[in-house]
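Q: Numbering (this note's numbering), first residue to last: 1 to 299. Just so it is clear, CB atoms sit at the ideal spot from N, CA and C, and this is done for glycine as well. None of these values were measured; they are calculated from a predicted model. If you scroll down you'll find the structure; I have some questions about it.
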Ligand SMILES: Nc1ncnc2c1ncn2[C@@H]1O[C@H](COP(=O)(O)OP(=O)(O)OP(=O)(O)O)[C@@H](O)[C@H]1O
Ligand SMILES: [Mg+2]
């Protein structure tokens, strides 16, 4: 497996190619049966027990369309990895799931996204509450300029989730424990969160997301700023968190997608090309574009 990032320019070349441009070896080796010009999603985009359902989602930045007619479920208690070349719309799609794109003026989202039975784009949806139910962890750890304790206590306080200090202390402790950070910080809860190492800060941000008991956690390349040890720590954590949460993770690392996810979704130039069990997508992709990407053929 090759861990590769393909540039936008290179993907344009992929899109422009047809079979006649491939050499014979490539055609013989290819097991994928869906031609690279096809753009309908292949595989298993839907789940028997969906936590979120997305149907015919289109996203525009001004006139430019970034996401084309994406329909997919995010299943309960699964980790779904979203992979694909840079600029293919992974972050844009992820941000649709908790309406983070609302903060981008030029961005317009069409289609239907439900969480459990709630239409998250309904005009009556409380967006602050939605973002507690669908938490987010970003590429660069972004602790608040507050103490470690207050970073975790912030969400439960603004949402009124605890009745008193004892309960709040319990939520802070259990969130830090579940994020695997408690033993490292329990003696310095009053110190600034920004004083922790990068890997610790990212676990602090995960603890902060967990503290409000979300249903879903979105992670956009959560390990890309971390060293291999901190990355391994977060990956272990993702696996444990799956018991209680649903996780959608964008990653450029195919090894990481293979290690942490049960399903993988491959995006290409704004289209959702293939979704399937992670093992199947990596060993036996149905779509030639998926195969091209995972084999690094155009990397
Ligand atoms: N705020 C924005 N304004 C205008 N266009 C944007 C904005 N954010 C993203 N885009 C465009 O939307 C497309 C998808 O971008 P997006 O960031 O979702 O891709 P990505 O797959 O997450 O890429 P990467 O792997 O590099 O993070 C790109 O063409 C990008 O230039
Ligand atoms: Mg991105």
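Can you confirm whether the segment 264-277 touches the segment 67-87 when touching is taken to mean that 3 or more C-beta pairs between the two stretches lie within less than 8 Å?
A: yes
Q: Just checking my contact of residue 134 with residue 98 at CB under 8 Å: how many whole Å lie between their CB atoms?
A: Along the chain shown, read from residue 1 onward, the residue named residue 134 stands at position 134. Along the chain shown, read from residue 1 onward, the residue named residue 98 stands at position 98. With a Cβ gap of about 4 Å, residue 134 and residue 98 count as contacting.
Q: Any chance you could list the residues with Cβ under 7 Å from a heavy atom of ligand 2, keeping chain order?
A: Result (chain order): 90, 91, 220, 221 and 250.
Q: Determine the extent of the beta strand (DSSP E) in which residue 53 is found, giving its start and end residues.
A: Along the chain shown, one-based indexing puts residue 53 at 53. Taken as a continuous stretch (DSSP letters only), the beta strand (DSSP E) holding residue 53 covers 50-61.
Q: How many Å lie between residue 243 and residue 219 at the Cα?
A: For the purposes of this step, residue 243 is taken as residue 243 along the chain shown, with counting starting at 1. For the purposes of this step, residue 219 is taken as residue 219 along the chain shown, with counting starting at 1. Answer to the nearest angstrom: the Cα atoms are 16 Å apart.
Q: Looking at residue 180 and residue 340, is the spacing between their C-beta atoms short of 7 Å?
A: As shown, the chain starts at 1 and ends at 299. That puts residue 340 outside it, with no answer to give.
Q: Could you please give me the residues that DSSP links to residue 96 through a beta bridge?
A: Residue numbering aside, residue 96 sits at position 96 when the chain shown is read from its first letter. DSSP output for residue 96 lists no bridge partner at all.
Q: What separation, rounded to the nearest whole angstrom, lies between the Cα atoms of residue 49 and residue 66?
A: Here residue 49 refers to the residue found at position 49 of the chain shown. Here residue 66 refers to the residue found at position 66 of the chain shown. In a straight line, the C-alpha of residue 49 is about 28 Å away from that of residue 66.
Q: Can you determine whether any heavy atom of ligand 1 sits closer than 6 Å to the C-beta of residue 88, and answer yes or no?
A: Along the chain shown, one-based indexing puts residue 88 at 88. Result yes, Cβ under 6 Å from ligand 1.
Q: Measure the Cβ-Cβ separation of residue 160 and residue 212 and say whether it is below 7 Å.
A: In the chain shown, the residue the question calls residue 160 occupies position 160. In the chain shown, the residue the question calls residue 212 occupies position 212. No.
Q: On the CB-based measure, 16 or more other CB atoms within 10 Å of its CB, does residue 250 come out buried or exposed?
A: Taking the chain shown and counting its residues from 1, one reaches residue 250 at position 250. Burial call: buried.
Q: Just to confirm, does residue 66 get its C-beta within under 6 Å of one of the non-hydrogen atoms of ligand 1?
A: Here residue 66 is taken as the residue at index 66 of the chain shown, counted from 1. True, at least one ligand heavy atom lies under 6 Å from that Cβ.
Q: Between residue 104 and ligand 1, is the CB less than 6 Å from at least one heavy atom?
A: Taking the first residue of the chain shown as 1, we reach residue 104 at position 104. Yes - ligand 1 has a heavy atom lying nearer than 6 Å to the Cβ of residue 104.
Q: The alpha helix (DSSP H) with residue 292 in it runs from where to where?
A: Residue numbering aside, residue 292 sits at position 292 when the chain shown is read from its first letter. Its alpha helix (DSSP H) spans residues 288-294.
Q: Among 295, 276, 216 and 38, which has the Cα closest to the Cα of residue 253?
A: As a position in the chain shown, residue 253 is number 253, starting the count at 1. Of the listed residues, the one whose Cα sits closest to residue 253 is 295.
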